[in-house]
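These notes are about the structure you will find just below.
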Amino acid sequence: MSEMYIVQAAGKLETSGKKTRGVLVCEDTKAVFSQKGTAVAEFVYNDMAKLQNVRTGDTSTKLTVTMKDGTVYVFDLSRSLKVYPYIEQRWQSKPVEQKSRVDELRRLA
């Protein structure tokens, strides 16, 4: 795989109250959070049920990934503005939201 298809960001992973520092590496079909070369968490985009992104600073974000099996990963990432669009673009089984014309006009206003 070429390096241009990989997005990575340093930060913290929080699962069940435990925080771990490391690097989130996003590839074409999956993302891996590793600490010193050891994979701590790994998920495939098509197994995701929900993806939320909250900007917490200039270039830092809090990314929450909820899996279909109920597992929740909370990432506090710095310099990570490209991570959310990269994952969302490659998420094939994304749930479809019903939108009306009024919703679209409100979004554009």
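Add 1141 to a position in the sequence shown, counting from 1, and you land on the number used in the working numbering. Ideal Cβ placement from N, Cα and C applies to all residues, glycine included.
Item                                                                                                                                                                : Value
Does DSSP put residue 1142 in a helix, in a strand, or in coil?                                                                                                     : Reliability of the predicted coordinates at residue 1142 is poor, the pLDDT of 46 falling under 50, and the value obtained from them is presented with this limitation in mind. Three-state result, residue 1142: coil.
From residue 1192 to residue 1226, what distance separates their C-alpha atoms?                                                                                     : 11 Å
Leaving out five residues on either side along the sequence, give the residues of the same chain with a beta carbon under 6 Å from the beta carbon of residue 1255. : Because the chain spans 1142 through 1250 in this model, residue 1255 falls outside it and cannot be assessed.
Inspect the beta-carbon positions of residue 1247 and residue 1169 and report whether they are closer than 9 Å.                                                     : no
How many whole angstroms separate the CB atoms of residue 1228 and residue 1186, which I take to be in contact at a CB cut-off of 8 Å?                              : 6 Å
Check whether the Cβ atoms of residue 1155 and residue 1224 lie closer than 9 Å to each other.                                                                      : no
Quick check: residue 1182 and residue 1195, are their CB atoms within less than 9 Å of each other?                                                                  : no
Could you tell me which residues DSSP pairs with residue 1254 in its beta bridges?                                                                                  : Lying before the first or after the last residue shown, residue 1254 is absent from the chain, which here runs from 1142 to 1250.
Please state if the CB of residue 1189 and the CB of residue 1161 are separated by a distance shorter than 9 Å.                                                     : no
Apart from the five residues on each side of it in sequence, which residues of its chain come closer than 6 Å, Cβ to Cβ, to residue 1222?                           : 1200
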